[in-house]
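Colleague:
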Amino acid sequence: MSNDSLINKIIELAIEEDIATGDITTNALIPETSRAIAEMTMKADGIISGLDIAKKVFEYFDKEILWTSFVKEGDNVKKGDIILKVEGSYRCLLTAERTALNILQRMSGIATATALYVKELEGSNTKLLDTRKTAPGMRILDKMAVKAGGGTNHRMGLYDLALIKDNHIKVAGGISNAVKQVRTNISSGIRIEVEVTNLEEVKEALDSGADIIMLDNMSTAVMAKAVKMISGKAETEASGNMTISRIKEVAFTGVDYISVGALTHSVTALDISMNIKSYDIVKEINRLKKEKNAVILAHFYVRQEVQDIADYIGDSLGLSNAASKTEADIILFCGVNFMAETASIISPNKKVLVPDNTAGCSLAESIEGEDLIRWKEKNPDGVVVAYINTSAEVKAYSDYCCTSSNALKVVMSIPPEKKILFIPDKNLGNYIKLKTGRDLEIWDGDCCVHNQFDTKMILEKGMEYPHADILIHPESKCSNDPAIHNLPQAYFYSTSGMIKHVNSSHNRQFIIVTEAGVIHEMQKNNPGKEFIPIHIGAICRNMKKVTLEKVLHSLQTEQYEIKVPVELREKAWLPIKRMLEIK
Ligand code: SF4
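Per the working numbering, the very first residue in the sequence shown carries number 117; after that it's consecutive.
1. State the CB to CB distance for the pair Ser610 and Ser521, rounded to an integer number of angstroms; the pair is presumed to be in contact (CB under 8 Å).
2. When you compare the CB positions of His415 and Val376, do they come within less than 9 Å of one another, or not?
3. Identify whether Glu631 lies in helix, strand or coil by the three-state DSSP scheme.
4. Can you determine whether any heavy atom of ligand 1 sits closer than 8 Å to the C-beta of Tyr547, and answer yes or no?
5. Is Ile648 near Lys534, with beta carbons less than 9 Å apart?
6. Helix, strand or coil for Gly348? Go by DSSP, reduced to three states.
7. Can you tell which of Thr157, Ala599 and Ser507 has its C-alpha closest to the C-alpha of Ser389?
8. What are the partner residues of Gln625, as DSSP defines its beta bridges?
9. Residues in the same chain with beta-carbon distance under 6 Å from Ala456, minus the five sequence neighbours each way, listed in chain order, please.
10. Note the first and the last residue of the continuous beta strand (DSSP E) segment covering Thr157.
11. Using the beta-carbon count (16 or more within 10 Å), is Ser347 buried or exposed?
12. Taking 7 Å as the limit, tell me which residues put their C-beta closer than that to any heavy atom of ligand 1, in chain order.
13. Below 8 Å on the Cβ atoms is my guess for Glu203 versus Ile181; work out the distance and round it to an integer in Å.
14. Could you please give me the residues that DSSP links to Met695 through a beta bridge?
15. Which same chain residues end up closer than 7 Å to Leu696 when comparing Cβ atoms and leaving out the 5 residues on each side of it in sequence?
16. What do you reckon, is the C-beta of Tyr513 under 8 Å from a heavy atom of ligand 3?
17. Report the start-end ranges of each alpha helix (DSSP H) in the stretch 226 to 278 that is 4 residues or longer and not cut off at the edges.
18. For Ile539, which of Glu316, Gly485 and Met334 has the nearest alpha-carbon?
19. Nearest by alpha-carbon distance to Ile397: which of Glu175, Leu671, Ile615 and His381 is it?
20. Restricting to Cα atoms, I'd like to know which of Asn543, Asp191, Val500 and His636 is closest to Ala688.
21. Starting from Phe454 and walking both ways along the beta strand (DSSP E), at which residues does that stretch end?
22. According to the neighbour-count rule (16 or more other Cβ atoms, all chains shown, within 10 Å of its Cβ), is Gly653 buried or exposed?
23. Residues in its own chain within less than 7 Å of Cys208 by CB, not counting five upstream and five downstream?
24. Where do the ends of the beta strand (DSSP E) carrying Trp559 lie?
25. Once the 5 residues before and after Thr519 are set aside, which same chain residues still bring their CB inside 8 Å of it?
26. Throw me the rounded Cβ distance for the Val634 and Ile628 pair, which I believe falls under 8 Å.
27. Alpha carbons only, please: which of Asn596, Asn301 and Gln639 is nearest the one belonging to Met614?
28. Would you check if the distance between the CB atom of Pro681 and the CB atom of Asp515 is smaller than 9 Å?
29. Measuring only the C-alpha atoms, how far is Lys549 from Glu132?
30. Mind checking who Asn192 pairs with in its DSSP beta bridge?
31. Just tell me which of Ala337, Glu407, Gly162 and Leu479 has its CA closest to the CA of Leu315.
32. From the DSSP output, which residues share a beta bridge with Cys208?
33. For Cys450, name the three-state secondary structure that DSSP assigns.
34. Could you tell me whether the Cβ atoms of Ile226 and Thr380 are closer together than 9 Å?
35. Can you check which of these residues, Gln297, Thr369 and Gly305, is closest to Ser335 by C-alpha distance?
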């Protein structure tokens with residue numbers, strides 16, 4: 117089993133024993149939506165260990181926690197130091213606290229003890245080893261902590277090093293026989309260590325070809341003779357009664373390793389405390405927005421709580437327009453990266469921030485600048501129409517941009533004799549082809565969310581809700597299928613087009629064939645109407661990466677800035693400008 121799987125198993129077990137069916141006190145007292153910040157403070161000096169594991173414990177309850185660590189694994193910390201900050205759901209912080217602290221305190225205790233022993237070995241070449249005397253089931257963590265404290269890991273278990281001890285020797289009838297038999301029966305590459313207690317056994321172990329000789333419970337003087345006798349022909353390990361007051365003199369015998377069971381069997385946890393402060397995150401976001409003259413733009417697909425704090429919610433076209441008109445100094449763009457890039461191209465003098473700079477888009481990533489250059493070389497007379505879901509680099513090589521709101525208009529504005537290269541969405545391209553009769557060359561890209569929505573899915577949902585209007589985004593897989601276009605209740609719209617439709621329709625039921633986040637805006641304006649997402653998987657993971665915590669963090673730190681270099685910006689601006697000019 118890999119180390120990661122082992123660690124996950126330990127965390128699951130620890131949570132299961134502590135929480136089982138739920139944290140009944142926290143759940144009774146803390147509202148599900150409350151947010152909080154927790155700080156961990158050192159109550160003693162020592163070496164910190166277990167940061168990544170503690171983080172995993174919090175993430176078990178809230179994948180979107182914001183974790184800020186002020187120290188690194190193995191750092192020296194002092195009483196009073198704030199070592200980390202974690203922001204997230206109040207319930208998550210309280211429920212995870214004990215398990216996270218238990219792990220952090222135990223691992224830091226081991227690392228701290230290890231560092232004290234290691235200090236005693238300064239000036240010698242001897243390394244400090246751990247043993248198998250670890251807490252049952254927790255060995256991987258105990259050994260990670262030893263490493264953080266400057267120690268070296270001995271074998272992980274009975275499987276990765278053969279250690280022949282007195283009982284093995286008795287059964288085999290002597291050290292030589294034992295080494296011979298083990299050597300015959302284990303895989304090559306695995307080393308053999310032999311435990312010896314006197315100089316006679318040292319000689320036998322050496323003659324039998326042991327890789328490591330463990331000098332067990334010997335006096336320091338005998339040990340010094342043994343090391344001399346071995347003289348580098350095997351590695352040496354001193355073991356048994358290796359107390360901190362003794363290891364310095366043992367190290368000066370010249371042994372390669374000293375193993376100390378006490379590192380992990382007699383652990384004194386390092387005291388660390390966690391303090392929680394609750395706060396009204398929305399109030400804080402609004403305060404910072406005012407203080408920094410920032411505006412928040414959010415796409416219809418982001419989480420509903422993020423939509424609720426936005427100054428403007430819209431689809432790609434609406435957000436591009438909002439970005440071009442704002443008087444704010446900072447545009448905080450809650451969406452995916454290409455959208456923020458577009459805002460930066462449109463408003464080069466504004467600071468454009470995104471709360472999570474890993475929020476990409478499968479569609480935008482389906483074509484790069486190089487791909488487009490090569491495609492244009494093969495089609496030198498082609499006019500490139502780029503869907504807005506493209507990078508700034510790709511836009512720079514394009515002639516026109518379009519969004520799902522204006523794609524038909526943009527294509528129809530191009531003289532009919534011109535060949536059009538449409539990028540990157542094949543479904544939208546085929547939809548335009550069907551609606552305009554234009555002979556487009558279409559790039560083979562798609563959105564991983566909309567490409568799931570095929571004809572079968574639409575027909576089945578339509579049969580389940582025969583009175584519902586079916587509102588379909590043209591990025592959907594079914595959008596060029598005449599069978600769907602022929603359905604009297606099917607309509608094709610951009611997200612803002614869908615919203616207009618439900619606001620003005622007398623119907624009460626709507627099947628929504630796009631990312632389900634848009635339903636929040638529809639429901640807000642039409643509380644009496646019913647909205648049915650086409651599929652449970654109608655979720656864009658990248659859009660959902662934007663959380664309130666990340667929005668706050670972004671306003672606090674002014675991270676992550678999206679800036680398009682001037683030369684690229686000037687080229688990428690032209691196709692956007694042409695799009696905005698088409699009325
Ligand atoms: S829904 Fe599709 S097109 Fe929109 S951001 Fe997500 S992956 Fe990109």
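In this text, a Cβ means the ideal position worked out from N, Cα and C, and glycines have one as well.
Predicted, not measured: the structure shown is a model, and the values here were computed from it.
Modeller: In terms of the structure at hand:
1. 4 Å
2. no
3. coil
4. no
5. no
6. coil
7. Thr157
8. Glu646
9. Phe449, Val468, Val470 and Ile678
10. Arg151 to Met158
11. exposed
12. Tyr417, Val452, Cys477, Ser478, Leu479, Ala480, Asn505, Cys563, Cys564, Val565, His566, Glu591, Glu631, Cys656, Asn658 and Met659
13. 7 Å
14. Answer is none; Met695 lacks a bridge partner.
15. none
16. Among the ligands modelled here, namely ligand 1, ligand 3 does not occur.
17. 255 to 264
18. Gly485
19. Leu671
20. Val500
21. Note, Phe454: premise wrong, no beta strand (DSSP E); alpha helix (DSSP H) at Asn453 to Ile462.
22. exposed
23. Phe174, Phe177, Asp178 and Ile181
24. Run containing Trp559: none; DSSP gives neither H nor E here.
25. Asp431, Ser432, Leu433, Ser436, Tyr503, Ile504, Ser610 and Met695
26. 7 Å
27. Gln639
28. no
29. 56 Å
30. Ile163
31. Ala337
32. According to DSSP, Cys208 bridges with nothing at all.
33. strand
34. yes
35. Thr369
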